[in-house]
Amino acid sequence: MSCIFCDIVEGKREGYFIYEDENHVAFLDKYPIDKGHALVVTKKHYERITDMDEKSVGMLFSQIPKITRAIMNTTNADAFSLAQNNGRAAKQIIPHVHVHIIPRYNDTGSMWTKRTIPTSDDLKSLAEQIRAKLAA
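Here full-length UniProt numbering is used: the first residue of the sequence shown is 1, the next is one more, and so on.
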């Protein structure tokens, strides 16, 4: 079975990486709900969070605060949403465990369904800025 996120993790597809450790990567969503929308993804393929052991789930979620702070500091967002979907009926589009970090802005509202298509240059630039915040 081919998995888009496994391909991104393995470098077979382009990803706008903002974070990486031994077990996780974070990259910008190619079709973001809002500027800075990122996905924190397990390097090991799991389809659903219930396929993971408790320690692995805890390790995944322990990365969220520092990545979110870097995104918020870079984008000057007013708030953020987190989402983690499991299964097609829950709107999990890619069957690989991931957590959405979605910056929210007072002047744009908080629609869950709107998406934008930024340019590769825009995504590369934003990814570099967020990585710099994480390194600081």
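Even glycine gets a Cβ: it sits at the ideal position worked out from N, Cα and C.
Note that this is a predicted model, so its numbers are computed, not measured.
Taking all protein chains shown into account, decide if residue i is buried (16 or more other Cβ within 10 angstroms of its Cβ) or exposed.
i: Asp53; result: exposed
i: Asp34; result: buried
i: Ala136; result: exposed
In the DSSP assignment, find the unbroken alpha helix (DSSP H) run with residue i in it and report its ends.
i: Pro95; result: No alpha helix (DSSP H) holds Pro95; DSSP gives it neither H nor E.
i: Ile64; result: 64-75
i: Cys6; result: 4-9
CB-CB under 6 Å to residue i, same chain, minus the five flanking residues each way: which ones, in chain order?
i: Pro70; result: Position check: residue 70 holds Ala in this sequence, whereas Pro was assumed. Only Ile130, Lys133, Leu134 meet the Cβ criterion.
Tell me where the beta strand (DSSP E) around residue i begins and ends.
i: Ala83; result: 79-83
i: residue 146; result: Absent from the model: residue 146. The displayed extent of the chain is 1 to 136, so no value can be given.
i: Val14; result: Reading off the sequence shown, one finds Glu at residue 14, where the question assumed Val. It is not in any beta strand (DSSP E) - Glu14 carries neither H nor E in the DSSP assignment.
Could you tell me whether any non-hydrogen atom of the ligand GTP is closer than 8 Å to the CB of residue i?
i: Ala132; result: Questions concerning the ligand GTP fall outside what the structure shown contains, since it holds no ligand whatsoever.
Excluding the 5 residues preceding and the 5 following residue i in the sequence, name in chain order all residues of the same chain whose CB lies nearer than 7 Å to its CB.
i: Val57; result: Ile49
i: Asn106; result: Asp78
Starting from the C-beta of residue i, find all residues in its chain whose C-beta is less than 8 Å away, skip the five residues before and the five after it, and write them out in chain order.
i: His37; result: Leu28, Asp29, His100, Ile101, Ile102, Pro103
In chain order, what are the residue ranges of uninterrupted alpha helix (DSSP H) at least 4 long that sit wholly in the stretch 23-54?
DSSP runs (the alpha helix (DSSP H)) wholly in the stretch 23-54: none.
Using a Cβ distance threshold of 8 Å, determine whether the stretch 47-61 contacts the stretch 6-19, with at least three qualifying pairs required.
The stretch 47-61 is not in contact with the stretch 6-19.
At least three beta-carbon pairs within less than 8 Å, the stretch 87-96 to the stretch 21-34:
Not touching, per the Cβ criterion.
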